[in-house]
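Residue 570 is where the sequence shown starts when you use this note's numbering, and the numbers rise one by one after that.
Where a beta carbon is used, it is the ideal one built from N, C-alpha and C, also for glycine.
As the structure is a prediction and not an experimental result, all values here were calculated from the model.
Structure record follows, encoded as structure tokens.
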Amino acid sequence: MPTLGRALIDALAAHGAREIFGIPGDFVLPFCKVIEEAAVLPFFTLSHEPAVGFAADGAARFHGGISAAVVTWGAGAFNLVNPVAGAYAERSPVVVISGAPGVAERDSGWQLHHMSRAIDTQTRIFREITCDIAVLDDPSTAPAEIARVLRSARLFSLPVYIELPRDLVGVEVSAVPVLADPPVDGGALAECAAEVLRRLRAARQPVIMVDIETRRYGVEAQAAKLARALGIPVVTTFMGRGLLSDDADVVHGTYLGDAGDAAITELVEGSDGLLLLGVILSDTNFAVSRRKIDIRSAMLAINRTMRIGHALYTDIPIDALLDALVALVDQRPRGADRPAPIASTLAVDDGAIEPSDIAAAINDLFAAHGTMPIAADMGDCLFTAMEIANTGLVAPGYYAGMGFGVPAGIGACAAGIGRPLILVGDGAFQMTGFELGNCRRYGWDPICIVFNNASWEMLRVFQPESAFNNLDDWRFAELAGPLGGDGVRVTTRRELQAALERARATRGRFQLIEVMLPRGQTSDTLARFVAGFKAARERASLAG
Ligand code: TPW
Ligand code: MG
């Protein structure tokens, strides 16, 4: 019989986890020892728990499936609240594993260190931001609890929480089973799929819009197959940018309402048969449009339900739905017109760099050497990413929290999905950029581009009169050497292009390119986005 600690690790692996991120502490030291000595999954320690959460989230997003974040009780776990809240919002199955006081020490009479209000305060907080929790204080029920919680993470693609008292890590338990998914009602599924197909075929202007659930449930290829067979154009949402990047022939672009390509906006807003696959109905995805999409006449598959007009089909997994749809359509592809590739626009000269130049330079780099997966932070870097060719992208496009980019890029390195490109603003880099210092230990070599405008520029766009948006110039490139990487600061387009080429050619150390940008300047996409957002807010307040 395995110990509880070992059974938990084996269960993580059996449920698809490929790595564990963490920071030890005394309540979780015994479990960390088992992780290291079992060597079932690699254990990557970082510097601050928010990064542990973002890295696990990033790894889960990149490789699809669960990833684990292991922390100590209280001081460690409370630091994970924000990344886990973001993972919940954006449906990423992060498995939080927190050590906890031993069952035997709970009634010692002492107030336990790291305790905030009560012994169960932490559990109650995590209950709010996860879809299932297990407090493993009874070895006889622990394996079944772990099995249920890990299935929930996979089934709902949401974070879960597991609490492991430190004195039970070595107790023997039975192994953890992998539970089967609940059965799908074949009749309901067939009816639902037939109705979706009927509406798509009857539509004058059918469109398929994809968002992150298509990635979370691994159905991008099926969505592309459906679109190809029916000759229907696909667009992504803002949050879904980067989806179906392997099927560029069907993806026409990203819907950004008034902030985006007018042809895409017209395609979506004029559609009379809009199939929303795994789409989050968020303001970041939809508010920037004057002409409202009539969500009631659209077809929405999200969270295992399918809404068609006023009808609701429950317990319809999106993967089963797409399988059913693909089985119904003629597989000979009808020619969807190919979207034009993004042409090179970078003027390689000694001019000052604008944010959109960074997109152009990256497009040129990708055109010459192939694409790279991208992890972007919140800030103008994310809006600039909308101007980069469609490639695998992870970013907090809905939750919009800063600090995600660098650790999510580290998650990509750990997940082994190829060398990532990290896009991050100076403000966000101040939050989690130091985590790059962990790359050397693990042999990771991401390329990190810091958009340094010495400013919280995105906030300045909303409120230009506020001086608090001015940041100091931290000279990030000079920090790279001591942290184990190479850094360069660039101010002209020629320097930017050369730095990108050099970074790509240099392997084995992280590469930091600090791009100096004047304050008061943003990408074209951000300027349009903020204008659209402000207009939407004004319309809402007039209507209210
Ligand atoms: C954890 C609010 C949204 S955008 C922004 C702030 C402070 C400025 C970002 O500055 P940065 O990028 O990184 O230099 P740029 O291009 O705008 O100059 N705290 C958190 N998340 C968010 N979103 C905020 C505050 C915010
Ligand atoms: Mg900035």
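- Just so you know, the alpha carbons of residue 798 and residue 704 end up roughly 48 Å apart.
- Given a length threshold of 3 residues, each whole run of the beta strand (DSSP E) inside the segment 683-739 is given here in chain order: 702-704 and 729-734.
- In this chain, the beta strand (DSSP E) harbouring residue 1083 covers 1080-1085.
- Under the three-pair Cβ rule at 8 Å, the segment 751-770 does not count as touching the segment 809-826.
- Leaving aside the five residues that flank residue 938 on each side, the residues in its chain whose CB is nearer than 8 Å to its CB run, in chain order, 1073.
- Taking 8 Å as the cut-off, the Cβ atoms of residue 849 and residue 808 count as close.
- Judged by DSSP secondary structure, residue 778 falls within the beta strand (DSSP E) whose first and last residues are 775-779.
- Residue pairing by DSSP puts residue 1039 in a beta bridge opposite 1024.
- With fewer than 16 other Cβ atoms from the protein chains shown falling within 10 Å of its own Cβ, residue 693 counts as exposed.
- As computed with DSSP, residue 950 is found in no beta bridge at all.
- Here the alpha carbon of residue 894 sits roughly 11 Å from the alpha carbon of residue 900.
- For residue 1024, the distance from the CB to the nearest heavy atom of the ligand MG is below 7 Å.
- Around residue 814, the same chain offers 959, 960 and 961 as residues with beta carbons nearer than 6 Å, after the five sequence neighbours per side are excluded.
- For residue 882, the secondary structure class from DSSP, reduced to helix, strand or coil, is strand.
- DSSP lists 870 and 882 as the beta-bridge partner residues of residue 875.
- With three or more CB-CB distances shorter than 8 Å, the segment 996-1012 counts as touching the segment 612-629.
- Not one heavy atom of the ligand MG lies closer than 7 Å to the C-beta of residue 647.
- For residue 799, no beta strand (DSSP E) segment is defined; the enclosing uninterrupted segment is the alpha helix (DSSP H) at 789-799.
- Closest in alpha carbon position to residue 772, among 689, 839 and 824, is 839.
- Shown here, residue 850 sits in coil according to DSSP, grouped into three states, outside any helix or strand.
- Beta-carbon to beta-carbon, residue 649 and residue 621 are separated by about 7 Å, close enough to satisfy the 8 Å threshold.
- In this structure, residue 1041 has its beta carbon at no less than 7 Å from each heavy atom of the ligand MG.
- The C-beta separation of residue 700 from residue 729 comes to about 6 Å, placing the pair in contact by the 8 Å criterion.
- The beta carbon of residue 978 lies closer than 8 Å to those of 627, 944, 989, 990, 991, 1015 and 1017 in the same chain, with the five residues before and after it left out.
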